[in-house]
Structures are given as structure tokens and as C-alpha cells.
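Numbering (numbering that gives the first Met the number 0), first residue to last: 0 to 293. Report on the following structure.
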Amino acid sequence: MEHPSSQPADAEQLPTAELAPGLYIVATPIGNLGDMTARAVRVLGSASLIACEDTRVTGRLLHHFGISTRMQPYHDHNAAAVRPGLIARALIEPVALVSDAGTPLISDPGFKLVADARDAGVTVLAVPGACAAIAALSIAGLPTDRFLFAGFLPAKDKARRDAIAQLAAVPATLLFYESGPRLAATLAALLAVLGDRPAGVGRELTKRYEEMVTGTLSVLAERWAEVPPRGEIVVLVGPPLPAAAATQDDLDAALQSALATMKVKDAARHVADALGLAKSEVYARALVIRQGSE
Ligand code: SAM
Numbered sequence: 000m001e002h003p004s005s006q007p008a009d010a011e012q013l014p015t016a017e018l019a020p021g022l023y024i025v026a027t028p029i030g031n032l033g034d035m036t037a038r039a040v041r042v043l044g045s046a047s048l049i050a051c052e053d054t055r056v057t058g059r060l061l062h063h064f065g066i067s068t069r070m071q072p073y074h075d076h077n078a079a080a081v082r083p084g085l086i087a088r089a090l091i092e093p094v095a096l097v098s099d100a101g102t103p104l105i106s107d108p109g110f111k112l113v114a115d116a117r118d119a120g121v122t123v124l125a126v127p128g129a130c131a132a133i134a135a136l137s138i139a140g141l142p143t144d145r146f147l148f149a150g151f152l153p154a155k156d157k158a159r160r161d162a163i164a165q166l167a168a169v170p171a172t173l174l175f176y177e178s179g180p181r182l183a184a185t186l187a188a189l190l191a192v193l194g195d196r197p198a199g200v201g202r203e204l205t206k207r208y209e210e211m212v213t214g215t216l217s218v219l220a221e222r223w224a225e226v227p228p229r230g231e232i233v234v235l236v237g238p239p240l241p242a243a244a245a246t247q248d249d250l251d252a253a254l255q256s257a258l259a260t261m262k263v264k265d266a267a268r269h270v271a272d273a274l275g276l277a278k279s280e281v282y283a284r285a286l287v288i289r290q291g292s293e
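Structure representation (C-alpha cells):
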């Protein structure tokens, strides 16, 4: 049985002139035009309209690929006014959304357009391709089994530190977008709030001067402390490091302090949670300490 919200997977595999109506979310290169997919060229060439952030930027891309489809600016300042018309059109014609570079909606406009289009019953299809965050993650050598994309951090120091603090306990690699002039302040704040975790800075990925520099946050912060780098940047930070195993002295000190105000059972539970130890082991030790003090 067909899933109620499923859409034809090959909606645009029809002959070029018959691209099915719908909203096509089309990824474009993040620097290297060789990363434009054949499907992106076909969909942009066959769409009736391309919604884009900046017609000059997208115009250059279309020109390179010989595409003459009409463009419609869609950005933060006109989105509310333009959105209903795009949705009405996507119900009857193929409409594409691109951003200046990479995957639309990823720190780029489009979220409300997709949400409202789906509500209106528009078929929404992904034409996937480049995304700076995923490109950086794939080459940084940091854990990839779990990651959290956090976009751009706030520019002001206090807000930036607060935002980082909210992510401190997340057991995943953290991904941020950043600009050259703000890199030093961001690395310093990450180091101050998260400690000296393994990290990476991906710069100008897929372009001529691309690099991925890895090291601990303190090494990276020092490298860019004085001279800001040029270009576009992804910052990656590895998950929290496992806490150093508690020693017998740590356990005894924590228990003595807890036993001063708690019953044995409560003290054992509290200390076991705090030090990540087995409750039975901590309870046994708490009994010994309590008896020794009587
Ligand atoms: N939607 C895009 C994507 O899929 O990656 C991101 C758009 S966001 C407005 C632009 C930011 O992405 C840049 O400031 C930079 O942090 C990152 N970025 C874009 N291209 C990049 C590249 N070639 N190398 C490193 N970072 C890049």
C-alpha cells in the first residue's frame, strides 16, 4: 500500500518538458562548479521558475550551465510577500528553490516555504548535492555517528558563550558555520566553555585554497589568534571527552563529604551518579566509611 504522504520518487524523470509540478529544493556547488549534479542542471533547466536569494549569484551559475529559466528573488526581506505566489505556482508547475551556494534551508532561506508548501499539498522534492557542513564532517576525522549542526553562533560574546554552554553536554560532534574575521573569537569561546576538545577548521572547501586543519581547540585558537583567515569556514568540535576514571581517594573524599549531610543510601546514590561508578560498589564503600567513623 502506498504511504499516504509519499510522492512519486521519479517525478522529474519524465521527459524534460514534462517536469512534474512541485517544489524542487536544489543544491548547488559550494565553490567548485564540478560539484553541480546532472540532475540539478536538468531540474533547473526544466523548471518554470527558480526562486533564489540573489539573482546575480544564481544568474552566473545558470549562465555557466546554459540555463535560461526565469528567476524570482526569495530572501528574508521579501519572503512573506512572495511565498504564497510561489506555492500557488508550485501546485500547477515545477518551481525550483536554490540558495547562493550549497543546500537551501541549511543556514539559508526556505524553511517556511517548504513547510507552507507541504501544508498546501504541494509535492516537495529534494535534489541533493553539496553542503559545507557535511563536506567538512566527511574529512575532519571526528566522530560522524552522531553530529549536531548549530549554524552560525551569535556575534556578541555573552550570547555566543551562552549558546555554546547549551551544547556542552551534547554527546555528538558539533558543527558551526563561521567567517574569517570572527574565527579567533569563536575558537576562544569554544575553548573556554567546552575545554580542550579535538576539533577542526575547514576553510574554502572544494576551492583552490581549501584546507582542513585539525588539532585541539587550544592549538587551533592559537593558530588564528592574530591573523584572521580569508574565506568561508566550518568549525567542528568533537564530543565531550570521557571523564577521567575516579580514584579511590576521589571516591572516599566524595563519600565523606556526602555522608556529612546524607544517609548512607542517599550518599551512595549521589556519589555513584556524580562519579559514574556502580551503585553497589559505592554503597559498600560508604558502609565501611560510616562504620569507621562510629
Ligand atoms: N546552504 C549552505 C550549505 O549547504 O553549506 C550554507 C550557507 S551559509 C549562508 C554560508 C556559510 O557556509 C559560510 O559562511 C561558511 O560558514 C559555510 N560555507 C559555505 N561554503 C563553504 C566552503 N566552500 N568551505 C567552508 N565553508 C563554507
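Glycine included, every Cβ here is placed at the ideal spot set by N, Cα and C. From a predicted model like this one, the values you see are computed outputs, not experimental measurements.
Task: Buried versus exposed call for P103 [16 or more other C-beta atoms within 10 Å across all chains shown] - done: buried
Task: Reference L112, options D144, D34, A39, N77, closest by Cα - done: N77
TODO: Write down every uninterrupted run of the alpha helix (DSSP H) in the segment 197-239 whose length is 4 residues or greater and which is fully enclosed by it, in chain order.
DONE: 216-222
Task: Counted within 10 angstroms of its Cβ, other Cβ atoms place T143 as buried (16 or more) or exposed - done: Classification of T143: exposed, given that the 10 Å Cβ count is below 16.
Open item on the list: What would DSSP say about P170, mapped onto helix, strand or coil?
Closed with: coil
- [ ] In angstroms with no decimal places, state the Cα-to-Cα distance between A252 and E280.
- [x] The straight-line gap from Cα to Cα measures roughly 15 Å.
- [ ] Return helix, strand or coil for I105, following the three-state DSSP convention.
- [x] Secondary structure at I105: coil, using DSSP grouped into helix, strand and coil.
TODO: Leaving aside the five residues before and after S292 along the sequence, list all residues of the same chain whose C-beta is less than 7 Å from its C-beta, in chain order.
DONE: none
Open item on the list: Taking the beta strand (DSSP E) that Y23 belongs to, which residues open and close that run?
Closed with: 21-25 is the extent of the beta strand (DSSP E) around Y23.
Open item on the list: Considering only heavy atoms of the ligand SAM, does any lie closer than 7 Å to the CB of E210?
Closed with: No - the ligand SAM has no heavy atom lying nearer than 7 Å to the Cβ of E210.
Task: Close-in-space but distant-in-sequence residues of the same chain around L90 (CB under 8 Å, 5 per side omitted) - done: P20, A119, G120, V121
Task: Own chain partners of A149 with C-beta closer than 8 Å, once the 5 adjacent residues on each side are dropped - done: These residues qualify, in order along the chain: A162, L166, L173, L174, F175.
Open item on the list: Please classify G194 as buried or exposed, where buried requires at least 16 other C-beta atoms within 10 Å of its C-beta.
Closed with: Exposed, because fewer than 16 other Cβ atoms sit within 10 Å of the Cβ of G194.
Open item on the list: Rounding to the nearest angstrom, what Cα-Cα distance links A10 and A191 in this structure?
Closed with: For A10, the predicted model reports a pLDDT of 49, less than 50, meaning its position is unreliable; a value from the coordinates is still stated below. Looking at the two C-alpha atoms, the distance is approximately 50 Å.
- [ ] State the Cα-Cα distance for the pair H2 and E231, rounded to the nearest angstrom.
- [x] With a pLDDT of 43 at H2, under the threshold of 50, the predicted position of this residue should be treated as unreliable, though the coordinate-derived value follows. When only Cα atoms are considered, H2 and E231 end up about 41 Å apart.
- [ ] Compute the minimum distance between the beta carbon of K206 and the heavy atoms of the ligand SAM, and state whether it is under 7 Å.
- [x] A distance criterion of 7 Å places the beta-carbon of K206 in contact range of the ligand SAM, judged by its closest non-hydrogen atom.
Open item on the list: I need the DSSP call for P142, collapsed to helix, strand or coil.
Closed with: coil
TODO: Starting from P127, follow the beta strand (DSSP E) in both directions and report where the run begins and ends.
DONE: Counting along the chain, P127 falls outside any beta strand (DSSP E), and DSSP gives it neither H nor E.
Open item on the list: Considering only heavy atoms of the ligand SAH, does any lie closer than 7 Å to the CB of I105?
Closed with: Among the ligands present in this structure, namely the ligand SAM, the ligand SAH is not found.
TODO: Could you spell out where the beta strand (DSSP E) holding L48 opens and where it closes?
DONE: 48-51
Open item on the list: For L189 and P228, which I take to be in contact (beta-carbon distance under 8 Å), what is that distance rounded to the nearest angstrom?
Closed with: A Cβ-Cβ distance of about 16 Å is found for the pair L189 and P228, leaving them out of contact under the 8 Å criterion.
Task: For L235 and G109, the rounded distance between their alpha carbons - done: 24 Å
TODO: Note the first and the last residue of the continuous alpha helix (DSSP H) segment covering V56.
DONE: 54-63
Task: Distance cut-off 7 Å: Y73 Cβ against heavy atoms of the ligand SAM - done: no
- [ ] On a CA-only basis, which of K155, Y73, A114, R207 is nearest D53? Give me that one, please.
- [x] Y73
Task: Beta bridge counterpart(s) of P93 as assigned by DSSP - done: Partner(s): G21.
Task: Cβ shell of D115 (< 7 Å), same chain only, five flanking positions each side left out - done: R82, I86
Open item on the list: On the DSSP bridge list, what partners appear for E177?
Closed with: I232
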